[in-house]
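Following this line, the structure appears as structure tokens:
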């Protein structure tokens, strides 16, 4: 239809051929066409726009039995973004993330996540028993440091943080790994646990740990506690430049993993009511309240909310799942993150 006066315009040749084909298959043309209103604000009165969410309550048939055999990495990727996995595995849809545009100005400070890259480069030099200052030309060549004096000052700042962290974890222990295969209900979870020492599983991070990393740490910790035969203590020591934590042993680790696999299976048949960033901030509260985590989902003028991700915009076009599925969201958030904060010391 015309954008100027709403008059009818012929569709493209491809659309016309598709309509003709569908008619030959027995589909009425009136049932395949939806006419939208000219003004966007009138969409509220159009049932086509208010029909609900992407699945509209539908549940797909169970996926193939091969999906019951998965690696720990597969399970971690699922919980880091269940919506993306659902769309990719069941519909072949890969929306991807927005491309990062090249900066239109010369950086005078560290851009997002650059500090981790700088610290990693300095840490590598220290590990190799080389002077930390030798990292500066490498960082310059990669464009990770601003030019001139600002770059020198920032490098000195990050060097001090990294050197302090490096000194605090000395001596570095010898780390081992253990291959595993767990049978949990109708599922088989396999993989390898790395970074094992005589003190437990040890994790090192040069920056602030996000919900993304805690998902990885937490699921590895559950597997460590679910193994029947392991010489490694069932605790996880987490060292970062910001803080140090210890995850205590979890007695019901096998049951928790079985529950997570059950939700994984559910999330392959319909969108799972789990949104990791919002769930993480929800369970950090002493008394979790979904309304207090709403800003993480919706965002504000200063940052985009988790709901801005393309997969969520597609699946929840006309509803806020934190409101429509609050009970399910709370239960899954507690199952994924609740125990982790309880075990953290």
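In this note's numbering, the protein residues as written are 416 to 760. For every residue, glycine included, the Cβ atom is placed at its ideal position computed from N, Cα and C.
- Under the three-state reduction of DSSP, residue 510 is assigned to coil, being neither helix nor strand.
- Between residue 635 and residue 662, the C-beta spacing is not below 7 angstroms.
- Residue 660 is bridged by DSSP to 653.
- The three-state secondary structure of residue 720, taken from DSSP, is coil.
- Our two residues, residue 431 and residue 437, have alpha carbons roughly 10 angstroms apart in a direct line.
- Here residue 655 is near residue 620, since their CB atoms are less than 7 angstroms apart.
- Residues 470 and 474 of the same chain have their beta carbon placed closer than 6 angstroms to that of residue 685, with the five preceding and five following residues left out of the count.
- When C-alpha distances from residue 682 are compared across 730, 611, 712 and 547, the shortest belongs to 730.
- Around the Cβ of residue 740, a 10 Å sphere holds 16 or more other Cβ atoms; the residue is buried.
- Straight-line spacing of the CA atoms in residue 587 and residue 580 works out to 12 angstroms.
- The region 487-506 makes no contact with the region 703-712; the number of CB pairs closer than 8 angstroms stays below 3.
- Membership of residue 615 in the beta strand (DSSP E) is indicated by the continuous run 615-620.
- For the pair residue 531 and residue 563, the Cα-to-Cα distance works out to about 21 angstroms.
- Residues of the same chain with a CB within less than 7 angstroms of the CB of residue 610, apart from the 5 flanking positions on each side, are 590, 616, 617 and 618 in chain order.
- The alpha-carbon separation between residue 630 and residue 688 amounts to approximately 16 angstroms.
- If you draw a straight line from the Cα of residue 667 to the Cα of residue 443, it is about 56 angstroms long.
- With three or more CB-CB distances shorter than 8 angstroms, the region 479-493 counts as touching the region 673-682.
- Ranked by Cα distance from residue 547, the options 561, 572 and 565 are led by 572.
- Closest by C-alpha distance to residue 479, out of 504, 498, 578 and 472, is 504.
- DSSP, reduced to helix, strand and coil, places residue 696 within a helical segment of the structure shown.
- Around the beta-carbon of residue 550, 16 or more other beta-carbon atoms lie within 10 Å, marking it buried.
- In this structure, residue 648 sits away from residue 510, with a CB-CB distance that is not shorter than 7 angstroms.
- In this structure, residue 759 lies away from residue 696, with their beta-carbon atoms at least 7 angstroms apart.
- Residue 591 sits in a strand when the DSSP states are folded into three classes.
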